[in-house]
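Per this note's numbering, the very first residue in the sequence shown carries number 7; after that it's consecutive.
All residues carry an ideal CB built from backbone N, CA and C; glycine is no exception.
All values derive from a computational prediction rather than experimental measurement.
Shown next, in structure tokens, is the structure this report addresses.
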Amino acid sequence: MSMAIHIGYHKTATTWLQKRVFTPQMGFVTLLDHGEVDRLIIKPHDLYFDPKPAQDALKIQQQVKPSNTCAIVSSETLSGHPFYGGQQSAAIAHRLRDIAPDARILITVRSQETMLPSVYMQYLQRGGTLSHQAFFAGSGGYGYPGFEPSHFCYDRLISLYQSLFNTVHVMTYEHLAAAPDQALSQLSAVLGHSIPALDKTEGERVSASLPQAVAPLLRRINHARKSTLNPSPAIALSREPGWMYRALAAGAELAHPLLTARLVDAYVKAHFNGMFTDSNQRLNQVTGEQLDLSTYP
């Protein structure tokens, strides 16, 4: 079953790719939405996983695919959930091989020094209440997954996909941000599908994170907001994202030039100093030294 599968990682311009690039206007047909990916691929228990339902769904959706288009499955959840250490990432890789062994795999990565703060801000936007110190400390209980820095040692997951699939293409968030047309031209060659040049609006950011300076306020708002990460708050004033989040987002945008404090950046740089160096060196090797990793620790 020939198609492309984009697994993320989270916070690597995945939403931008899904909304601006993997669209009919750019010659793509998206197969399986996030809900179907979760139901057919991620959620089934290891003892009961069967690739056939996903294969059947893909086959049905491919039958109505217009000619001269590229079929793609794109969901960052396929790389494992960053709030819980990406515990399923290897199992998902094997499931994808069982479902579509001929697929071309696309993996997007990002410098850990900017990735980790962005993941924490996403955690807050999903209703989390932990401080960044507590979030990055991971789970304190046996058998309960939490944040794991090893999830962001990209070389391991990429090497696994290289062992399972014939074509694995890696792009960096930084390349997509600095030279999107060049990055997409390289992707075109890998997919054998011509991707049109982006117009000005297609190059704009989608779903940008809130400034780190509002993190303490957002944490406190989340204590009174029912969400996936806090389903039973003591006082439930709003369901996510709710009017409080929209108001905060609008206010943060207006005051953005004044909100310069980047405490999460400073913490990540100090606390994880040197932790990803060896992994990034191996990443350079497994990708054939084709990536610009100059901003990677």
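Taken in chain order, the unbroken stretches of alpha helix (DSSP H) that lie wholly in the region 195–237 and span 4 residues or more are 221–228.
Nearest neighbour of Ser73 by Cα position, chosen from Asn290, Ala242, His199, Leu224, turns out to be His199. The alpha-carbon of Tyr273 is positioned some 28 Å away from that of Leu84. Excluding the 5 residues flanking it on each side, Gln67 has same chain C-beta neighbours closer than 6 Å at Leu37, in chain order. When the alpha-carbon of Asp39 is set against those of Gly133, Ile48, Gly33, the nearest one is in Ile48.
Judged by DSSP in its simplified three-state form, His157 adopts helix.
Ranked by Cα distance from Pro30, the options Thr75, Ser191, Gln128 are led by Thr75. By the Cβ test, the region 125–135 is not in contact with the region 95–106, since fewer than three Cβ pairs between them sit closer than 8 Å. The continuous alpha helix (DSSP H) containing Leu122 extends over residues 118–131. Here Met127 really is in contact with Leu216; their C-beta atoms are around 6 Å apart, less than 8 Å. Runs of the beta strand (DSSP E) spanning 3 or more residues and lying entirely within the region 73–108 occur at 76–80, in chain order. Closest in alpha carbon position to Gly33, among Ile78, Leu224, Thr173, Asp161, is Ile78.
The alpha carbon of Ala19 has as its nearest neighbour, out of Pro50, Ala99, Met121, Arg110, the alpha carbon of Met121.
In the structure shown, Arg268 falls within a coil segment according to DSSP collapsed to helix, strand and coil.
Note on geometry: alpha-carbon atoms of Tyr179 and Thr301 lie some 11 Å from one another. Nearest in C-alpha terms to Asn286, of all of Ile241, Ser191, Val220, Ser156, is Ser156.
Just so you know, the alpha carbons of Pro151 and Ser124 end up roughly 20 Å apart. Of all alpha-carbon atoms in Met281, Ser8, Asp44, the one lying nearest the alpha-carbon of Glu82 is that of Asp44. Asn228 counts as buried, since no fewer than 16 other beta carbons sit within 10 angstroms of its beta carbon. At a Cβ-Cβ threshold of 8 Å, Asp108 and Ser194 do not count as neighbours.
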